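Structure record follows, encoded as structure tokens.
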Amino acid sequence: MRRLLALILFVGGPILYLSRRRDERRERVHLYYDDGSMVTLERGAPEAEQLLAVARSAL
Amino acid sequence: MDAASALADLTEISSQVEAAVVIDDTGAVVASTLDDAERSAQLARVALDLLGAVDKRFEPGGRALTQLEAALWGGSVFVARGEGQSIVATTSPGPTSGLVFYDLKTCLRSLAELKSEETKPARPKRRSAKTQADADA
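Heads up: the sequence lines are chains A and B, in that order.
First residue of the first sequence: 1, per our numbering; consecutive thereafter.
First residue of the second sequence: 1, per our numbering; consecutive thereafter.
Here it is as structure tokens:
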């Protein structure tokens, strides 16, 4: 039982950490408007691809 | 304080900002943290292109874009719009977006104050009561 728990922690911990990191670092565009609203364009959407391509040239 | 010192304050306060450029509505560089004029102009072009693309394609009725963040693997690009001026900044990957936007807006506000002070007509100096009394005597 203790071994199983250690295995779950050993394997599950890094997976959880890496998936969270990947989510955090996903390419996307956030647009903020004057009425307080926000629009997020995820990578893969045609509108996002155009903006990401422009932004990429700045880095 | 001038535009350059406002930008110097920005990079001092916000350690996440790697480079920042202030542009006017035409896209001309007003101030930059970069020594390379070509790179500053490139950042200015990117800001104009981003704002232009959003205004053209994603502008729903009545709303105006005030700020934008493009998060990429290699870092993030931030653009904040002010009155007559905008600021574009690049950061390392995974920045604290809220803090970066706050610092960019603060920089734009101080630039706007600077601009309004410059356009304000100089007030004539009032003579103090003591000076007036001395003159009368």
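Beta carbons are placed, not taken as given, at the ideal position from N, Cα and C, and that holds for glycine.
Everything numeric in this text was worked out from a predicted model, so none of it was measured.
First and last residue of the uninterrupted alpha helix (DSSP H) at residue i
i	result
A20/B	Looking at the DSSP string, A20/B is not in any alpha helix (DSSP H); the run it does join, the beta strand (DSSP E), is 17-24.
G52/B	37-57
S57/A	Unbroken run through S57/A: none, as it is neither H nor E.
R43/A	Careful: R43/A lies outside any alpha helix (DSSP H) and carries neither H nor E.
Whole-angstrom distance between residue j and residue i, CA atom to CA atom
i	j	result
G98/B	K56/B	26 Å
L4/A	G74/B	38 Å
H30/A	E42/A	9 Å
S116/B	K105/B	16 Å
P46/A	R28/A	12 Å
D36/B	L108/B	22 Å
R63/B	D34/A	6 Å
P14/A	G36/A	37 Å
L9/A	L16/A	10 Å
E118/B	E38/B	28 Å
R26/A	A48/A	12 Å
Residue i: contacting residues in chain D (beta-carbon distance under 7 Å)
i	result
Y33/A	The structure shown contains no chain D; its protein chains are A and B.
Residues near residue i in its chain [Cβ-Cβ closer than 8 Å; skip 5 each side]
i	result
F101/B	Q67, E69, F78, A80
E18/B	G75, A89, T90, T91, S92
L51/B	L65, L68, V79, R81, S86
Nearest residue (CA-CA) to residue i, options the options
i	options	result
V39/A	V88/B, T96/B, L104/B, L65/B	L65/B
D49/B	I13/B, G27/B, T119/B	G27/B
S40/B	S19/A, A48/A, G13/A, A58/A	A58/A
Own chain residues within Cβ distance below 7 Å of residue i, not counting five before or after
i	result
G84/B	D24, D25
I13/B	D103
Y32/A	M38
V30/B	A3, V22, I23, D24, Q85
G44/A	none
G12/A	none
Cβ-Cβ distance between residue i and residue j below 8 Å
i	j	result
D2/B	L114/B	yes
V22/B	V54/A	no
P95/B	Q42/B	no
L72/B	L7/A	no
A4/B	T11/B	no
A53/B	Q50/A	yes
Run of the beta strand (DSSP E) containing residue i, from where it starts to where it stops
i	result
A28/B	Element bounds for A28/B: n/a, residue is neither H nor E.
S92/B	Element bounds for S92/B: n/a, residue is neither H nor E.
R81/B	75-81
R28/A	28-33
A71/B	65-72
Same chain, Cβ closer than 6 Å to residue i, neighbours up to 5 away in sequence not counted
i	result
R2/A	none
L34/B	A19, S40
S32/B	V21, S40
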